[in-house]
Structures are given as structure tokens and as C-alpha cells.
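Colleague:
In the UniProt record's numbering, the protein residues as written are 1 to 158.
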């Protein structure tokens, strides 16, 4: 697993050294076709509570552009491709292309995410460990940086 960038003198480094990870999900198949299975705690490091799909997105659109206070996510494409940029309050920590159903990107809570560069046929499957709650979303990057600075200053990570 590829893990997130370590950040010096930061509460995230002390309590959450892995902010994201690339996970290879086995593809099974024979002459009848292929199968990719993602299971709770076996392929993703959390219990699934919500699944949604993003599709029909224009190549110049940016989706996401938020962080979540409570939810972790796993992203995989079942068709086409897109890119996912991950940030903390200190800047970009990853920019990954998802272009195969066996490549799953796990993202911890409180990581800023932006999905972009969608192919015309992209279907992005998003799996979360929480049900939808609009109150946990941080939609402005300046607000996100302020919240993260407070966490670091106060030594909190909850």
C-alpha cells in the first residue's frame, strides 16, 4: 500500500500517518468475463455504509472539492478514467489516476479531495463508511485550512 506524505510537527503525522492508500483489488475471471469484489474490511479498511456513483461528467468539471469531518472513502472506476487530487492544509499530497476497476483509492477523513479530468465513459464508484450527512462537509478550502490549523494547535484529531 502506498501511504500519504508524512507531515512534520503535525497532529496528522502523530495520530494518522496514513491519509490515503492505493489498494489493488484482485480481478477474477475466465472465458465468461471478469469479476471484481470489494468487501468490508477485506479490500477497504472500513465497514461500508454508502455507495454512490458519479458518471456523465464533462472532462472540464471538478467534482468533490471538499473534505469530510467523519467519513472515509474508497474510489474506483468501473469504466473510463479520472484523476483524484488529495490535499491537506499544507498542500497537495497526491494526484492519482484511476483507470482500472482493480485500483482502489482509499481516503481518510479530513483529507481534501478533488476529482477531475473525467473521460466521457467514466463511472466512478464511491464507497463510504458513513451515511450522507451534509453537516460533516467542509466545502471551502480556506475553512478547511482554518479547521486543520486549529486541530494542530489544540492537539486534537476528532
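Even glycine gets a Cβ: it sits at the ideal position worked out from N, Cα and C.
When the cut-off is 8 Å and only beta carbons count, does residue 132 lie next to chain C?
Modeller: In the structure shown, chain C does not exist; there is a single protein chain.
Colleague: What does the Cβ neighbour count give for residue 64, buried or exposed, with the cut at 16 atoms within 10 Å?
Modeller: Along the chain shown, one-based indexing puts residue 64 at 64. Under this definition residue 64 is a buried residue.
Colleague: Looking at residue 94 and residue 20, is the spacing between their C-beta atoms short of 8 Å?
Modeller: Looking up residue 20 in the chain shown gives position 20. Looking up residue 94 in the chain shown gives position 94. Yes, the pair counts as a contact, with Cβ atoms nearer than the cut-off.
Colleague: Using a Cβ-Cβ cut-off of 8 Å (strictly less than) and excluding sequence neighbours within five positions of residue 121, which residues of its own chain qualify?
Modeller: Translated into positions along the chain shown, residue 121 becomes position 121. Answer for residue 121: 79, 80, listed in chain order.
Colleague: Could you tell me the alpha carbon to alpha carbon distance between residue 138 and residue 96, rounded to whole angstroms?
Modeller: Along the chain shown, one-based indexing puts residue 138 at 138. Along the chain shown, one-based indexing puts residue 96 at 96. Near 22 Å, if we compare the C-alpha coordinates of residue 96 and residue 138.
Colleague: Residue 105 and residue 50 - do their beta-carbons sit closer together than 8 Å?
Modeller: The residue labelled residue 50 in the question sits at position 50 within the chain shown. The residue labelled residue 105 in the question sits at position 105 within the chain shown. It is not a contact, given that the beta carbons lie outside the stated cut-off.
Colleague: Between residue 88 and residue 148, how many whole angstroms is the CB-CB distance? I'm expecting something under 8 Å.
Modeller: Start at 1 with the first residue of the chain shown, and residue 88 comes out as number 88. Start at 1 with the first residue of the chain shown, and residue 148 comes out as number 148. Right, the Cβ-Cβ distance comes to about 7 Å (below 8 Å), so this counts as a contact.
Colleague: Quick check: the Cα distance between residue 8 and residue 109, rounded to an integer number of angstroms?
Modeller: Counting from 1 along the chain shown, the entry for residue 8 is found at position 8. Counting from 1 along the chain shown, the entry for residue 109 is found at position 109. Low per-residue confidence applies at residue 8: pLDDT is 33, beneath 50, and the placement is therefore not dependable, though the value from the model is reported in the following sentence. Using only the alpha carbons, I get a separation of about 19 Å.
Colleague: Please classify residue 154 as buried or exposed, where buried requires at least 16 other C-beta atoms within 10 Å of its C-beta.
Modeller: Start at 1 with the first residue of the chain shown, and residue 154 comes out as number 154. Residue 154 comes out exposed.
Colleague: Could you give the distance in angstroms between the alpha-carbon of residue 103 and the alpha-carbon of residue 24?
Modeller: Counted from its first residue, the chain shown places residue 103 at position 103. Counted from its first residue, the chain shown places residue 24 at position 24. Computed Cα separation, rounded: 5 Å.
Colleague: Hey, quick one: how far does the beta strand (DSSP E) through residue 53 stretch, first residue to last?
Modeller: Translated into the one-based positions of the chain shown, residue 53 becomes position 53. Note, residue 53: beta strand (DSSP E), 50-55.
Colleague: How long is the line joining the alpha carbons of residue 128 and residue 146, rounded to whole angstroms?
Modeller: Here the question's residue 128 lines up with position 128 in the chain shown. Here the question's residue 146 lines up with position 146 in the chain shown. Spanning the two alpha carbons is a distance of roughly 25 Å.
Colleague: Looking only at its own chain, which residues have a Cβ that is under 8 Å from the Cβ of residue 27, when we skip the five neighbours before and after it?
Modeller: Within the chain shown, numbered from 1, the residue matching residue 27 stands at position 27. Correct list, in chain order: 34, 35, 36, 101, 102.
Colleague: Residue 93 bridges to which residues according to DSSP?
Modeller: For this step, residue 93 is matched to residue 93 along the chain shown. Bridge partners of residue 93: none, in fact.
Colleague: Below 6 Å CB to CB, which residues in the same chain sit around residue 69 once its five sequence neighbours on both sides are set aside?
Modeller: Within the chain shown, numbered from 1, the residue matching residue 69 stands at position 69. Excluding residues within five positions, the ones whose Cβ falls inside 6 Å are 136.
Colleague: Applying the 10 Å Cβ sphere with the 16-neighbour rule, what's the burial state of residue 67?
Modeller: For the purposes of this step, residue 67 is identified with residue 67 of the chain shown, where counting begins at 1. Classification for residue 67: buried.
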